[in-house]
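Enquirer: Protein chains in written order, with our numbering: chain A, 1 to 471; chain B, 1001 to 1203.
Beta carbons are placed, not taken as given, at the ideal position from N, Cα and C, and that holds for glycine.
Fair warning: this is a prediction, and the values are worked out from it, not measured in the lab.
One structure coming up, written as structure tokens, with questions to follow.
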């Protein structure tokens, strides 16, 4: 029987294997940020250990960084300490850091691919659950805890039980690919498989619906694998993948010979078997809007806020959880989604803050204004994205429409910096999690695509972007 | 290889017998276990006071009386029993540090999120997966529960319930092993692997 892509990458990285034990897996790329690393570096110091491969380790600061004027000091002392701690640790252990003033700074999952650090067939880890994003390049990429960060820093390896494999086939063609986006595909998948549907597995996304997507759209899909419970999601590399990574800052010198090898080897063999499969047809899917407090609580923009008994399909725990979600979200069952009014719009995060996301959103708002009573912001995923967008004049379109145009970082996806919702505020957000309080205590998050967020900003409520006049 | 591990780091897991704290919710995410405003600390200790912070306290930092952790009955409990997919979302190990610092050493649920599950073992917490029916029973049957990891048994007044755990993870907890020290003894295997790696350095 042939191997799946995941199995091929796994097998190529096993250092030690023993029956009934986890395997020792080699890590090719270790990405580090300020929130989940301080305790790991402290652990190394306490035990007189060093970083085994600083040349395979890259750090940036993204979670805490302010997105307003960066020449000013950081007001939150605890954020400032965490940021300075990363600087100190990178210096002490010899790790390359893209700090707040670097042109390469940005959300770690945005800059990895942009810099050519992310490569097909590699293992990539980071103390961050959205590391799954890098799977779009055919890498085995997953989030780890801080103890594991310390283990990788010290040994460049991890002990791991081999996960199961899960194929998610995306079949068909979207009628309006500007209005129905990669975000809507992955939200539809999560709505169907549930928040734990991928638990214990590595997902491989396949089918025409995936190969049709650009690299940036594929990153949106893989990014949210974790919201479906999978630690990693990956897509077999193709010519789009190889083109994207060619001539980046850190693209390896022997890139073309690596491409030859990847082209031959990095695919699931036709007779390989997955432990689990799911197929989504996308010909007729609608733009998605989340209504609850986990990402599977999602419906079409044309639908109504569901009744808990319809959502739960007889499961008492699910019903209770939907009732609680509706109460937290202050929504009434039966309300049309398009009648939900919003206060804030956030276009940003490792899910949807790449150039293409911003370009698409800008097409929706060009020449128009954000609705009265709505406060809207764009936080580019990296300083490189910001610069490219500014070269295209995208910033002006947003600013003219009364959006705020910020510096890059994680920002209001999780609100560790000053960008947060006030209690009771309702936000159309292009991020990945609608958990209680995620964007600010008492804040209410509706997950949507960048074009859906842009349209909601103009109207002050959700609208079906398929009805807009697209050029 | 794995047979002669010796270094010790965590406190070894011993038998536990306490009352069970029932948290009657599914899909409890790590944003609820420790909200983001507490992730800025650079040490591992002292996270217990932030455990379930937004559920435990109102906006004036008064205890919310209807939240289970604020019920005095459970204040010495070391066992949390909860719903499926516990610990989903963010990879933050702070969630495990908070549970442990608060006093929980065992978490029982029908299922756990992958990263959270693996973080538990690094910090001396035993996550136990049990059938949903059994979890419901434990949640509603107040009283003491004994957790015997060595024999993989839960003991209530009336019954003994076996549970599964991988031999490796059981050993890690029972012996409180320092995984990094063990791995570093395998230096020659790691170096050998690196000699054949096709993947170039970043720098």
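Just the Cα atoms here: how many angstroms apart are residue 1170 of chain B and residue 1118 of chain B?
Expert: 12 angstroms
Enquirer: List the DSSP bridge partners of residue 23 of chain A.
Expert: A/160
Enquirer: Does DSSP put residue 1065 of chain B in a helix, in a strand, or in coil?
Expert: coil
Enquirer: Between which two residues does the beta strand (DSSP E) carrying residue 204 of chain A extend?
Expert: 201-206
Enquirer: Indicate whether at least one CB of chain B lies closer than 9 angstroms to the CB of residue 42 of chain A.
Expert: yes
Enquirer: Compare the C-beta of residue 1259 of chain B with all C-beta atoms of chain A and state if any pair is closer than 9 angstroms.
Expert: This structure cannot speak to residue 1259 of chain B, because chain B is shown only from 1001 to 1203.
Enquirer: Run through chain B and tell me which residues come within less than 7 angstroms of residue 136 of chain A, C-beta to C-beta.
Expert: In chain order: nothing, as chain B lies at least about 18 angstroms away.
Enquirer: Quick one: which residues of the region 1156-1177 of chain B get their C-beta closer than 8 angstroms to a C-beta of chain A? List them in chain order.
Expert: Within the region 1156-1177 of chain B, the qualifying residues are 1166, 1167, 1168.
Enquirer: Between the region 238-253 of chain A and chain B, which residues of the former have CB atoms less than 9 angstroms from a CB of the latter, in chain order?
Expert: 250, 252, 253
Enquirer: Taking all protein chains shown into account, decide if residue 167 of chain A is buried (16 or more other Cβ within 10 angstroms of its Cβ) or exposed.
Expert: buried
Enquirer: Measuring straight from C-alpha to C-alpha, what distance separates residue 372 of chain A and residue 469 of chain A?
Expert: 22 angstroms
Enquirer: Residue 190 of chain A and residue 298 of chain A: beta carbons closer than 9 angstroms?
Expert: yes
Enquirer: Please list, in chain order, all residues of the same chain as residue 216 of chain A whose beta carbon is under 6 angstroms from its beta carbon, the five residues on each side excluded.
Expert: 354, 356
Enquirer: Keeping to the same chain, check which residues put their C-beta closer than 6 angstroms to that of residue 1172 of chain B; ignore five residues upstream and five downstream.
Expert: Excluding sequence positions up to five before and after residue 1172 of chain B, its CB lies within less than 6 angstroms of the CB of 1121, all in the same chain and listed in chain order.
Enquirer: Going straight from the alpha carbon of residue 268 of chain A to that of residue 224 of chain A, what length do you get?
Expert: 22 angstroms
Enquirer: Enumerated in chain order, which unbroken segments of the beta strand (DSSP E) with a length of 3 residues or greater are wholly contained in the region 355-407 of chain A?
Expert: Within the region 355-407 of chain A, the runs of beta strand (DSSP E) that reach at least 3 residues and sit entirely inside it are, in chain order, 375-378, 403-405.
Enquirer: Could you give the residue range of the alpha helix (DSSP H) that holds residue 1204 of chain B?
Expert: Residue coverage of chain B in this structure runs from 1001 to 1203, which leaves residue 1204 of chain B outside it and unanswerable.
Enquirer: Compute the distance between the beta-carbons of residue 179 of chain A and residue 218 of chain A, then report whether it is under 9 angstroms.
Expert: Taking 9 angstroms as the Cβ cut-off, residue 179 of chain A and residue 218 of chain A do not qualify as a contacting pair.
Enquirer: Give the residues of chain B in contact with residue 328 of chain A, contact being defined as C-beta atoms less than 9 angstroms apart.
Expert: Here the premise fails: no neighbours, minimum Cβ distance about 11 angstroms.
Enquirer: Determine the chain A residues that contact residue 1083 of chain B at a beta-carbon separation under 7 angstroms, and present them in chain order.
Expert: Chain A residues near residue 1083 of chain B: 317.
Enquirer: For residue 143 of chain A, which beta-bridge partners are listed by DSSP?
Expert: A/126
Enquirer: Compare the beta carbon distance of residue 137 of chain A and residue 237 of chain A with 9 angstroms and say whether it is the shorter of the two.
Expert: yes
Enquirer: Residue 259 of chain A by DSSP, collapsed to three states: which one?
Expert: Residue 259 of chain A: helix per DSSP, three-state reduction.
Enquirer: Of the choices A/349, A/328, A/384, A/454, whose alpha-carbon is the least far from that of residue 472 of chain A?
Expert: The shown model of chain A, from 1 to 471, leaves out residue 472 of chain A, and the question about it has no answer.
Enquirer: How would you label residue 220 of chain A, buried or exposed, when you count the other beta carbons within 10 angstroms and need 16 or more for buried?
Expert: buried
Enquirer: Consider the Cβ of residue 472 of chain A: report whether some Cβ of chain B lies at a distance smaller than 9 angstroms.
Expert: The question about residue 472 of chain A has no answer, for chain A in this structure spans 1 to 471.
Enquirer: Are the region 142-155 of chain A and the region 19-36 of chain A touching, with three or more C-beta to C-beta distances below 8 angstroms?
Expert: yes
Enquirer: For the region 1179-1196 of chain B, list every residue whose C-beta sits within 7 angstroms of some C-beta in chain A, in sequence order.
Expert: 1179, 1180, 1183, 1184, 1186, 1189, 1190, 1193
Enquirer: Along the chain, where does the alpha helix (DSSP H) containing residue 78 of chain A start, and where does it finish?
Expert: 77-93
Enquirer: If you scan the region 1150-1183 of chain B from start to end, which runs of the alpha helix (DSSP H) of 4 or more residues do you find wholly inside it?
Expert: Runs found: 1167-1175.
Enquirer: Could you give the C-beta distance for residue 140 of chain A and residue 232 of chain A, rounded to a whole number, given that I count them as a contact under 8 angstroms?
Expert: 6 angstroms
Enquirer: Tell me which residue opens and which closes the beta strand (DSSP E) that residue 1109 of chain B is part of.
Expert: 1106-1109
Enquirer: Here's a check: name, in chain order, each residue in its chain whose Cβ is nearer than 8 angstroms to the Cβ of residue 1016 of chain B, leaving out the five neighbours to either side.
Expert: 1078, 1079, 1105, 1106, 1146, 1147
Enquirer: Which residue or residues does DSSP assign as beta-bridge partners of residue 1023 of chain B?
Expert: B/1082
Enquirer: When you compare the region 439-448 of chain A with the region 286-305 of chain A, are there three or more beta-carbon pairs, one atom per stretch, that lie closer than 8 angstroms?
Expert: yes
Enquirer: With DSSP collapsed to three states, give me the class of residue 1052 of chain B.
Expert: coil
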